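Colleague:
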Amino acid sequence: MDLRRLEIFCKIADLKSFSKAAEAVLLSQPTVSEHIQSLEEAFGVKLFDRLGREVVLTKGGEVLYSYAQKLLGLYQEAQQAINQFQGRMRGRLTIGGSTIPGTYILPQALGKFKEEYPEIQIILKISDSQEVVQDVLEGRLELGVVGAKWEDGKLDYRDFVKDVLILVVPPKHPWVKKRSISARQLLEEPFIMREKGSGTRKIMEQALAKRGINSRSLQVVAEMGSTEAVIQGIKTGVGVSIVSKRAVEEELRGSLLKEIPIQGIIFQRDFYIVVNKTRTTSPLCQALNDFLLECLKTSL
Numbered sequence: 116m117d118l119r120r121l122e123i124f125c126k127i128a129d130l131k132s133f134s135k136a137a138e139a140v141l142l143s144q145p146t147v148s149e150h151i152q153s154l155e156e157a158f159g160v161k162l163f164d165r166l167g168r169e170v171v172l173t174k175g176g177e178v179l180y181s182y183a184q185k186l187l188g189l190y191q192e193a194q195q196a197i198n199q200f201q202g203r204m205r206g207r208l209t210i211g212g213s214t215i216p217g218t219y220i221l222p223q224a225l226g227k228f229k230e231e232y233p234e235i236q237i238i239l240k241i242s243d244s245q246e247v248v249q250d251v252l253e254g255r256l257e258l259g260v261v262g263a264k265w266e267d268g269k270l271d272y273r274d275f276v277k278d279v280l281i282l283v284v285p286p287k288h289p290w291v292k293k294r295s296i297s298a299r300q301l302l303e304e305p306f307i308m309r310e311k312g313s314g315t316r317k318i319m320e321q322a323l324a325k326r327g328i329n330s331r332s333l334q335v336v337a338e339m340g341s342t343e344a345v346i347q348g349i350k351t352g353v354g355v356s357i358v359s360k361r362a363v364e365e366e367l368r369g370s371l372l373k374e375i376p377i378q379g380i381i382f383q384r385d386f387y388i389v390v391n392k393t394r395t396t397s398p399l400c401q402a403l404n405d406f407l408l409e410c411l412k413t414s415l
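Under the numbering used here, the first residue of the sequence shown carries the number 116, and numbering increases by one thereafter.
1. List the DSSP bridge partners of A337.
2. Cβ atoms of L239 and G212: under 7 Å apart, would you say?
3. Buried or exposed: N329, going by 16 or more other Cβ atoms within 10 Å of its Cβ?
4. Which residue wins for smallest C-alpha separation from E253, given the options Y180, G226, G369 and V336?
5. Should A324 go down as buried or exposed, given a rule of 16 or more other Cβ atoms within 10 Å for buried?
6. If you draw a straight line from the alpha carbon of R384 to that of L301, how long is it in whole angstroms?
7. Restricting to Cα atoms, I'd like to know which of W290, G217, E365 and V283 is closest to S242.
8. Suppose you measure from the CA of E320 to the CA of K287; what does that come to, to the nearest Å?
9. For the alpha helix (DSSP H) containing L258, name the first residue and the last one.
10. Are Q144 and S134 touching if we call contact CB-CB under 7 Å?
11. Please report the distance separating the alpha-carbon of V178 from that of K373.
12. List the whole-angstrom C-beta distance separating V336 from V353, where the pair is believed to meet the contact cut-off of C-beta under 8 Å.
13. Could you tell me which residues DSSP pairs with V363 in its beta bridges?
14. Tell me whether T214 is buried or exposed, calling it buried when 16 or more other Cβ atoms sit within 10 Å of its Cβ.
15. State yes or no: is the C-beta of A386 within less than 7 Å of the C-beta of G262?
16. Pop quiz: E122 and L187 are said to be a contact at Cβ under 8 Å. What is the actual Cβ separation, rounded to whole angstroms?
17. For T393 versus K292, is the C-beta distance shorter than 7 Å?
18. If you drop the 5 nearest sequence neighbours on each side, which residues of the same chain put their C-beta closer than 6 Å to that of V160?
19. What residue ranges within the segment 216 to 295 form continuous alpha helix (DSSP H) runs of no fewer than 4 residues, ordered along the chain?
20. When the Cα atoms are used, what is the spatial distance from L403 to F228?
21. Leaving aside the five residues before and after R316 along the sequence, list all residues of the same chain whose C-beta is less than 6 Å from its C-beta, in chain order.
22. How would you write the range of the beta strand (DSSP E) that R316 sits in, first residue to last?
23. Quick check: the Cα distance between A298 and Q378, rounded to an integer number of angstroms?
24. For the beta strand (DSSP E) that K373 lies in, which residues bound it at each end?
25. Within 10 angstroms of its Cβ, does L118 collect 16 or more other Cβ (buried), or is it exposed?
Okay, structure coming up:
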């Protein structure tokens, strides 16, 4: 069995698209389709169904996907074991980061890691915390860095670095003249919310709930899928919001945005390194995990 075909098959299953998979594996879409047709002929079963614009695994496809993941994982482990035997660490590692660590922390960390391990290629997927956790749980990622926990017995979370969320408003907002506002005053202003699955949103909702405020009571005028989009929305007067201080340091220094303290609330959180403890950790993943925990925790 050609492992390349299994890799293409798994990529289609993960991305739910022949065209996106073709782009990811650097092949034409007709070539990708030919590989899947060859697999279907070899196993005598249809592997995908089309639902609207997406393709999904059939029951037979789900069975093959489970075994294909194991085979590809074993192949990668064999490659890495040979590399270690030969005294070098090389290969490709796919990890995930939620918006803040993926944008503002991991690129710097991976740059330093690359200096120590120049032959390791890191592929960083950025999405919300919940999606990263789900990808780690299902084996699409070996390691993730997220801003909130979604508990599951198969997952292991390790504290990484700390973060603070702050309320920010445009520089001409009336609240700028105040030293602070009450939590209840948040209900009076148009508010920009992050999407469901965002670690920032989860931590914010938990902190407000402790003050007796349900996030559903906020005047949500927009729900946005990234911190950068939220920041632009604040700048253009769409509303106010609560974001990571790391994401707005330049705007605060340049007075493009203003931080407003909220009485009795400090939005503190940890970022976590998450792995699936039921899966064998590859040497590449272990090297990165150790590097993040031991070398970077005090400097980021």
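Glycine residues also receive a C-beta, built at the ideal position from the N, C-alpha and C atoms. Being a predicted model, the structure only gives us computed values, none of them experimental.
Modeller: By the coordinates alone:
1. I307
2. yes
3. exposed
4. Residue nearest to E253 within the set Y180, G226, G369 and V336 is Y180 (criterion: CA-CA distance).
5. exposed
6. 20 Å
7. G217
8. 26 Å
9. Per DSSP, L258 is not a residue of any alpha helix (DSSP H); the beta strand (DSSP E) it occupies stretches across L258 to V261.
10. Their beta carbons are under 7 Å apart, which means Q144 touches S134 by this criterion.
11. 53 Å
12. 6 Å between Cβ atoms; contact.
13. BP columns for V363 are empty, so no partner.
14. Buried, since its Cβ has 16 or more Cβ neighbours within 10 Å.
15. A small fix is needed here, since residue 386 is Phe in this sequence, not Ala. Yes.
16. 6 Å
17. no
18. The beta carbon of V160 sits closer than 6 Å to those of G175, all from its chain and outside the five residues before and after it, given in chain order.
19. Taking 4 residues as the shortest admissible run, the segment 216 to 295 contains the following complete alpha helix (DSSP H) segments, listed from N- to C-terminal end: 221 to 231 and 244 to 252.
20. 7 Å
21. R309
22. Premise fails: R316 lies in the alpha helix (DSSP H), G314 to K325, not in any beta strand (DSSP E).
23. 7 Å
24. K373 to I375
25. exposed
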